[in-house]
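To start, the structure under review is shown below, and the notes come after it.
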Amino acid sequence: MKALKIILQIVVVFAVYAVCGGVINGVKDNPWLSLLAGAFTVAAMVFVYRWIVGRTENREVTELQSKGATNATFWGLVFGSLMFLCVISNIYFLGDYKVDGIDSVSGAIGLIGFMAGAACTEELVFRGLLFRLVERGLGTYVALVLSGLVFGGMHLLNDDATLAGAAAISIEAGAMLAAGYAATRNLWLPMGVHFAWNFMESGIFSTQVSGNGETHGLLKSSLSGKEIITGGEFGPEASIYAVVFGTLLTVIFLIVAHRRGHIVPLRRAERVDTLAALAR
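In my numbering, the protein residues as written are 31 to 310.
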């Protein structure tokens, strides 16, 4: 019965994910429609996740509760923005990132919606479902590694994907965002981090995102230099700086999770006790 409920959660959330993804991709060339599509996607995904998880698990969906959502999202935006600024500033000071003026204000506006929709759907799928369900059976650390590998592997489907880029994303994003969820036990913070990173990367600094080709955001820019520094065609997510700063943030989140008693052990008896405590 539990397996059937898990399958139902996955099927329903992925179905809405696919529909919303199609809507966003269908209007991505129109900035104002992209903005609206992004807002619709966030609202639809949050509603459906709350509904299906609440119904199948017969509980309050605390990971998406309204109380504290604004504060958690705000700090997520701060962490995500600062992380990308640390990465791009290091690349800039090495002379490998150059700004040649203003590119597209409307492009930046459209990317707000596009990246908001992407951040929300990916967090609900990979942290809300995958990480949370694996953690329930195998503990926090195993879930962090496995969900990170799946998240990184998904990016191999992108046009300019590289193994190095996928491996980097597994560490700096997959593990880091899961650790952020473990620390707070809500999805608002990782959604904020995810959106801020992607929007800074594309909407402000106009660099490639996860091997998805060129983006036209606010700044007209160019990356050149060693691939280990710039990330090459995959974008700054494959940069060694992204791995370093992402790992640092992961460690910080895990320390917070430990101090709050949010780490779910691998051993079954201890795992049951911890999950029961977290449910309260």
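Glycine included, each C-beta is placed from N, C-alpha and C at the ideal position.
None of the values given here were measured: they were computed from a predicted structure.
Among the residues of its own chain, which have a CB less than 7 Å from the CB of G147, if the five just before and after it don't count? C50, I54, A67, G68, T71, V72
Rounded straight-line distance, which links the Cα of L94 to that of Y271: 31 Å
Minimum C-alpha distance to N228 - residue among P266, S119, G98: P266
Relative to the C-alpha of T237, which residue among Y122, E152, A213 is closest? Y122
Based on the DSSP secondary-structure assignment, which residues constitute the bridge partners of S20? What the structure shows of the chain is the stretch from 31 to 310, and residue 20 is not part of that stretch, so it cannot be assessed.
Which of helix, strand or coil does DSSP assign to H292? coil
The stretch 211-231 in contact with the stretch 140-159 per 3-pair CB rule at 8 Å: yes
What are the boundary residues of the alpha helix (DSSP H) that includes G182? 170-184
Can you tell which of G262, F225, S111, R215 has its C-alpha closest to the C-alpha of V286? R215
From the DSSP output, in three-state form, read off E244 for me. coil
What does the alpha-carbon distance come out to for the pair S254 and G210? 32 Å
Output the boundary residues of the alpha helix (DSSP H) element that contains K35. 32-56
The stretch 37-48 in contact with the stretch 112-132 per 3-pair CB rule at 8 Å: no
Where L163 and A205 are concerned, what is the direct C-alpha to C-alpha distance, given to the nearest angstrom? 15 Å
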